[in-house]
């Protein structure tokens, strides 16, 4: 089993309370699973990547039609 959290699950990020909480939850449940499965032979791992530049905040190419469709380059920047 591989669970993916974030470094925000180890060290909180300012102004990101809900995001931090969800990542801390993944860390906690993974640690619990590790303890509960220690003697079963089931491998439990936790992946906590750092910052990854995904352009998620600026990408509108996958925006659903009900929200106005994809944002063109000329329309959007934050």
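Residue numbers (the numbering used here): 552 to 629. Every residue gets a Cβ at the ideal spot worked out from N, C-alpha and C, and that includes glycine. The model shown is predicted, which means the values in this text are computed figures rather than measured ones.
Can you tell me the Cβ-Cβ gap for residue i and residue j, rounded? I've got them flagged as a contact below 8 Å.
i           : j           : result
residue 598 : residue 578 : Not quite, the Cβ-Cβ distance comes to about 11 Å (not below 8 Å), so this is no contact.
residue 592 : residue 575 : Their Cβ separation, rounded to whole angstroms, is 28 Å, which puts residue 592 and residue 575 out of contact at 8 Å.
residue 600 : residue 567 : Not quite, the Cβ-Cβ distance comes to about 15 Å (not below 8 Å), so this is no contact.
Could you give the residue range of the beta strand (DSSP E) that holds residue i?
i           : result
residue 577 : Note, residue 577: premise wrong, no beta strand (DSSP E); alpha helix (DSSP H) at 568 to 587.
residue 603 : That residue, residue 603, is in no beta strand (DSSP E); it is neither H nor E in DSSP.
residue 591 : That residue, residue 591, is in no beta strand (DSSP E); it is neither H nor E in DSSP.
Report the partner residues of residue i according to the DSSP bridge assignment.
i           : result
residue 557 : Bridge partners of residue 557: none, in fact.
Residues in the same chain with beta-carbon distance under 6 Å from residue i, minus the five sequence neighbours each way, listed in chain order, please.
i           : result
residue 555 : 598
Apart from the five residues on each side of it in sequence, which residues of its chain come closer than 7 Å, Cβ to Cβ, to residue i?
i           : result
residue 595 : 552, 581, 584, 585 and 588
Between residue i and chain C, is there a C-beta pair that is closer than 8 Å?
i           : result
residue 600 : Here chain C cannot be found, since the structure has a single protein chain.
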